[in-house]
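Asks: Encoded as structure tokens, here's the structure I'll be asking about.
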Amino acid sequence: MNDDASSDEPPGERSGSDATDDAFTYNGGRVDPGESANIRYSISETYLGDPVKIPVTVVNGAHPGPTVFLSAAAHGDELNGIEVVREVAHDWNHAELHGTLVCLPVMNVPGFLAQERYLPIYDRDLNRSFPGREGSTSARRMAHQIFTNFIEPCDLGIDFHTSTRGRTNMLHVRASMDDPTVSRLANAFSSNVIIAGEGPAGTLRREATEADVPTITVEMGEAHRFQRPLIDRALTGVASVLAEFGCHPDSSVHWPGWRTVIDDDDEKTWLRADAGGIVDMKRGRGALVEEGEVICTITNPFKEEDDIVTVEAPFTGLIVGVLENPVVYPGNPLCHLVGLSADTLTALERERTTERSQAEL
């Protein structure tokens with residue numbers, strides 16, 4: 001939100017002398033227009049009483065504009081977003097930046113150091129602890145420090161995630177599409193797939209949006225690794241958002257070629273294993289599958305024909321998320337399949353036909 005709480009201007013349209021004097025302030029410091037700062041901000045203490053510090057880069061442009069946060073690694077083993085945020089902060093030219101970028105590449109420092117999803121302190125989930133609270137659990141105290149100092153002062157935000165360990169996601173956006181600014185932000189990011197919904201309580205995007213900081217989640221890839229093609233796709237999305245909201249006014253908004261928005265009432269499902277065993281996955285992340293097509297088989301260690309379980313697509317759709325760890329118990333998720341409208345299906349098939357033709361040249 002803006003310093004002027006009564007302002008009715010949308011993000012990117014702050015004007016006048018107030019905007020030209022817009023320093024970014026946090027508890028312990030400030031970054032004036034035209035300046036940038038690398039900050040190690042203390043949010044907690046270790047068992048030995050040493051500070052737990054998160055890295056933050058603030059780039060305050062010389063020109064007025066919205067304040068945008070980019071965050072990653074709320075789950076400590078989700079690494080793709082870290083590289084996205086680092087490259088935006090340190091590799092891009094922000095000489096003509098309108099507004100301010102608040103870059104938080106690693107929010108869950110204890111989890112990152114341990115390469116674990118959750119905070120090692122009682123396995124608490126930082127991304128179920130926002131907006132946090134003073135005098136509460138360690139996770140909520142950390143969340144409170146992050147939220148009050150670096151999220152609440154912003155006008156909009158993008159929170160980067162990957163799938164959990166043993167699964168992988170195609171790049172997609174999760175957003176509360178009922179909020180006009182969130183919808184604008186989600187569309188500007190230029191992903192092919194948007195999954196609509198407000199998200200669970202305590203997640204950064206839900207709590208930030210409810211605090212008048214419209215925020216989306218970007219899901220991409222898998223934990224414990226950098227995946228360069230997905231990182232590059234995400235960087236394109238960030239550039240598109242900054243163009244849409246006037247931060248880089250000379251840049252262009254990117255159109256992904258086709259898009260589907262999956263609402264809660266639309267056809268989408270996690271297909272789950274009905275038997276335990278070893279999975280032979282036939283189709284991967286981002287694959288288009290036809291109704292009745294075999295997605296995977298599940299077998300026992302002896303590959304006995306009578307015990308093979310075949311999993312077929314219940315409808316024609318797109319595989320958004322898929323199992324990477326090839327062993328399952330009954331009930332474990334195998335893939336996340338979403339339905340597509342006829343127009344979207346046609347556009348997707350046309351795009352992939354073009355890609356195949358170009359690859360053959």
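Counting in the UniProt record's numbering, the sequence shown runs from 1 upward without gaps. No residue lacks a Cβ here, since even glycine has one placed at the ideal position from N, Cα and C.
Between G257 and the rest of its own chain, which residues show a CB-CB distance below 8 Å, the 5 nearest in sequence each way excluded?
Replies: Working through the sequence shown from its first residue, we reach residue 257 at position 257. Taken in chain order, the residues that qualify are N192, A347 and E351.
Asks: Once you ignore the five residues that flank A287 on each side, which residues in its own chain have a CB closer than 6 Å to its CB?
Replies: Here residue 287 refers to the residue found at position 287 when the sequence shown is read from its first residue. These residues qualify, in order along the chain: I319.
Asks: How far does the beta strand (DSSP E) with A37 in it extend, from its first residue to its last?
Replies: As a working mapping, residue 37 is identified with position 37 in the sequence shown. From DSSP, the beta strand (DSSP E) with A37 extends over S36 to E45.
Asks: Given a threshold of 16 other Cβ atoms within 10 Å of its Cβ, counted over all protein chains shown, does H224 qualify as buried or as exposed?
Replies: Within the sequence shown, numbered from 1, the residue matching residue 224 stands at position 224. The C-beta of H224 has fewer than 16 other C-beta atoms within 10 Å across all chains shown, which makes the residue exposed.
Asks: Report yes or no: do three or more beta-carbon pairs, one from the stretch 113-130 and one from the stretch 166-183, lie closer than 8 Å?
Replies: no
Asks: In terms of alpha-carbon separation, which member of K282, T310, V173 and G157 lies closest to T299?
Replies: Sequence index remark: in the sequence shown, residue 299 carries index 299 (1-based). Nearest C-alpha to T299: T310.
Asks: What runs of the beta strand (DSSP E), each 3 residues or longer, lie entirely inside the stretch 112-188?
Replies: Runs of the beta strand (DSSP E) lying entirely within the stretch 112-188, each at least 3 residues long, are 156-161 and 167-175 in chain order.
Asks: Classify Y41 as buried or exposed, calling it buried when 16 or more other Cβ atoms lie within 10 Å of its own Cβ.
Replies: As a working mapping, residue 41 is identified with position 41 in the sequence shown. Residue environment analysis places Y41 among the buried positions, since at least 16 neighbouring C-beta atoms fall within 10 angstroms of its C-beta.
Asks: What does residue 364 pair with, by DSSP beta-bridge criteria?
Replies: Because the chain is modelled from 1 through 361, residue 364 falls outside the range shown and cannot be assessed.
Asks: Would you list the one or two residues that DSSP bridges to N60?
Replies: Numbered from 1 along the sequence shown, position 60 holds the residue referred to as residue 60. DSSP lists T100 as partners of N60.
Asks: Can you list, in chain order, the residues of its chain with a C-beta nearer than 7 Å to that of D22? Leave out the 5 residues immediately preceding and following it.
Replies: Here residue 22 refers to the residue found at position 22 when the sequence shown is read from its first residue. Result list for D22: P33 and P64, in chain order.
Asks: What residue range does the alpha helix (DSSP H) around R285 cover?
Replies: Sequence index remark: in the sequence shown, residue 285 carries index 285 (1-based). Neither: R285 is in no alpha helix (DSSP H) and is coded neither H nor E.
Asks: Using the three-state DSSP reduction, which class does I231 fall into: helix, strand or coil?
Replies: One-based indexing of the sequence shown puts residue 231 at position 231. Here I231 sits in helix by DSSP.
Asks: If P66 sits next to C247, beta carbons under 8 Å apart, how far is it from one beta carbon to the other, in whole angstroms?
Replies: Here residue 66 refers to the residue found at position 66 when the sequence shown is read from its first residue. Here residue 247 refers to the residue found at position 247 when the sequence shown is read from its first residue. Going by Cβ atoms, the distance from P66 to C247 rounds to 7 Å, so yes, they are a contact pair.
Asks: Starting from the C-beta of E78, find all residues in its chain whose C-beta is less than 6 Å away, skip the five residues before and the five after it, and write them out in chain order.
Replies: Locating residue 78 in the sequence shown gives position 78, where the first residue counts as 1. Around E78: H161, T162 and A223.
Asks: How far does the alpha helix (DSSP H) with A208 in it reach, from first residue to last?
Replies: Numbered from 1 along the sequence shown, position 208 holds the residue referred to as residue 208. Bounds of the alpha helix (DSSP H) holding A208 are L204 to E210.
Asks: Considering only the beta carbon of each residue, do E291 and P314 sit closer than 8 Å?
Replies: Residue mapping note: residue 291 aligns to position 291 of the sequence shown, counting from 1. Residue mapping note: residue 314 aligns to position 314 of the sequence shown, counting from 1. Contact flag set, yes.
Asks: Would you call the stretch 234-246 and the stretch 83-97 in contact, with 3 or more CB pairs under 8 Å?
Replies: yes
Asks: Could you give the distance in angstroms between the alpha-carbon of D343 and the alpha-carbon of L323?
Replies: For this step, residue 343 is matched to residue 343 along the sequence shown. For this step, residue 323 is matched to residue 323 along the sequence shown. Cα to Cα, D343 sits roughly 28 Å from L323.
Asks: Would you give the residue range spanned by the alpha helix (DSSP H) that E87 belongs to?
Replies: If you number the sequence shown from 1, residue 87 lands on position 87. Looking at the DSSP string, the run of the alpha helix (DSSP H) that includes E87 is N80 to H90.
Asks: Rounded to the nearest angstrom, what separates E355 and E349 at their Cα positions?
Replies: For the purposes of this step, residue 355 is identified with residue 355 of the sequence shown, where counting begins at 1. For the purposes of this step, residue 349 is identified with residue 349 of the sequence shown, where counting begins at 1. For E355 and E349, the distance between alpha carbons rounds to 10 Å.
Asks: Can you tell me the Cα-Cα spacing of I151 and V294, whole angstroms?
Replies: Along the sequence shown, one-based indexing puts residue 151 at 151. Along the sequence shown, one-based indexing puts residue 294 at 294. Using only the alpha carbons, I get a separation of about 44 Å.
Asks: Using CA coordinates, which residue listed in V279, K268 and Q145 is at the minimum distance from M107?
Replies: Taking the first residue of the sequence shown as 1, we reach residue 107 at position 107. For the options V279, K268 and Q145, the alpha carbon positioned closest to that of M107 is the one of Q145.
Asks: Flag this pair as yes or no: are the beta carbons of V338 and K268 separated by less than 8 Å?
Replies: As a working mapping, residue 338 is identified with position 338 in the sequence shown. As a working mapping, residue 268 is identified with position 268 in the sequence shown. In contact: V338 and K268 (Cβ atoms closer than 8 Å).
Asks: What are the residues that DSSP puts in a beta bridge with E312?
Replies: If you number the sequence shown from 1, residue 312 lands on position 312. Per DSSP, V294.
Asks: Measuring alpha carbon to alpha carbon, tell me which of G76, R141, D91 and P105 ends up nearest P120.
Replies: Working through the sequence shown from its first residue, we reach residue 120 at position 120. Closest option to P120, Cα to Cα, is G76.
Asks: Below 8 Å between beta carbons: does that hold for I262 and A175?
Replies: Sequence index remark: in the sequence shown, residue 262 carries index 262 (1-based). Sequence index remark: in the sequence shown, residue 175 carries index 175 (1-based). Contact flag unset, no.
Asks: Would the beta-carbon of V279 fall within 8 Å of that of T316?
Replies: Here residue 279 refers to the residue found at position 279 when the sequence shown is read from its first residue. Here residue 316 refers to the residue found at position 316 when the sequence shown is read from its first residue. Cβ atoms of V279 and T316: not closer than 8 Å.
Asks: Take the Cβ of T353 as the centre, count every other Cβ of all protein chains shown within 10 Å, and call the residue buried at 16 or more, exposed below.
Replies: Residue 353 sits at position 353 when you count from the first residue of the sequence shown. Flag for T353 reads exposed.
Asks: If we ignore side chains and look at the alpha-carbon of each, how far apart do V31 and R206 end up?
Replies: The count along the sequence shown starts at 1 and reaches residue 31 at position 31. The count along the sequence shown starts at 1 and reaches residue 206 at position 206. Cα to Cα, V31 sits roughly 27 Å from R206.
Asks: Which value, in whole angstroms, describes the spacing of the CA atoms of Y135 and R141?
Replies: The sequence position of residue 135 within the sequence shown is 135, counting from 1. The sequence position of residue 141 within the sequence shown is 141, counting from 1. Residue 135 is actually Gly in this sequence, not Tyr. When rounded, the distance between both Cα atoms is 7 Å.
Asks: Please classify D91: is it buried, with 16 or more other beta-carbons within 10 angstroms of its beta-carbon, or exposed?
Replies: Here residue 91 refers to the residue found at position 91 of the sequence shown. By the 10 Å Cβ count, D91 comes out exposed.
Asks: On the criterion of 16 or more Cβ atoms from any shown chain inside 10 Å, does D155 qualify as buried, or is it exposed?
Replies: Numbered from its first residue, the sequence shown carries residue 155 at position 155. D155 comes out buried.
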